[in-house]
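If you read the protein sequences in the order shown, they are chains C and E. My numbering puts the first residue of the first sequence at 2, with every later residue one more than the last. My numbering puts the first residue of the second sequence at 19, with every later residue one more than the last. Quick reminder that beta carbons are idealized off the backbone N, C-alpha and C, glycines included. Right, one structure below, let's go through it.
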Amino acid sequence: DTEVTQTPKHLVMGMTNKKSLKCEQHMGHRAMYWYKQKAKKPPELMFVYSYEKLSINESVPSRFSPECPNSSLLNLHLHALQPEDSALYLCASSQIGGGNTEAFFGQGTRLTVV
Amino acid sequence: AQTVTQSQPEMSVQEAETVTLSCTYDTSESNYYLFWYKQPPSRQMILVIRQEAYKQQNATENRFSVNFQKAAKSFSLKISDSQLGDTAMYFCAFMKLDIYGQNFVFGPGTRLSVLP
């Protein structure tokens, strides 16, 4: 199984809503990542979890709250988002160390904030 | 900080022809990795090919090959015998392994269209 599964695939939410994005992998990877990708732009790193601990936060606003409940699951909790937060949110996972360099990406959640 | 530049926002190629996508990068690191990822309309980022900076030999993966010029900090992708399924956005990426995992820096992308 070399899949990273993201749900939902599409999400429309109002600025006062609270929603969560979910990401799951069963490859035994101990690093998991959230990226934000605006239209026609490359992915930009938001958060990195290593061994279920937040290791990198790229100055992301607090209305985005990541959570890593276990080594297979990564969530992104959303609250009070702005229309400019509309984007494709990609999850990825990889091993740590050992020279293994491949990261596996999910298909993303396309988020629209209205 | 690392930067990755792709100077061709869009390219097109006829089916079965060969096309080369350009990528340059800037870094002061000596040990790093370079990747080409493709992102088709399905949105998933798919690894095309990778190159370890310490290896002089250019990586090859079936119809995909790279021309890695470390001194020039250039990393171009050649696609031979282009197929309709190669139509996608192609991102060049720099990656340095650290204790947290991987830290990718992506270029702005090149949109490739393969024409029938």
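- When Cβ pairs closer than 8 Å are counted between the two stretches, the stretch 97-114 of chain C is seen not to touch the stretch 54-61 of chain C, the count staying below three.
- S92(E) and L39(E) have their alpha carbons spaced roughly 11 Å apart.
- Boundaries for M16(C): no beta strand (DSSP E) harbours it, and the DSSP string shows neither H nor E there.
- Per the C-alpha coordinates, the member of K56(E), Y50(E), V66(E) and I64(E) positioned closest to Q74(E) is Y50(E).
- In its chain, beyond the 5 residues on either side, L112, T113 and V114 have a beta carbon closer than 7 Å to the beta carbon of S87(C).
- When C-beta distances to chain E are compared with 8 Å, every residue of the stretch 58-87 of chain C stays at or above that value.
- Along the stretch 119-132 of chain E, going in chain order, the ones with a CB nearer than 9 Å to a CB of chain C are G119, Q120, N121, F122, V123, F124, G125, P126, G127 and R129.
- Annotation for Q101(E): E33 and V132 place their beta carbon closer than 7 Å to its own, counting only its chain and skipping 5 residues before and after.
- By the C-beta density criterion, P43(C) is buried, having at least 16 other C-beta atoms within 10 angstroms.
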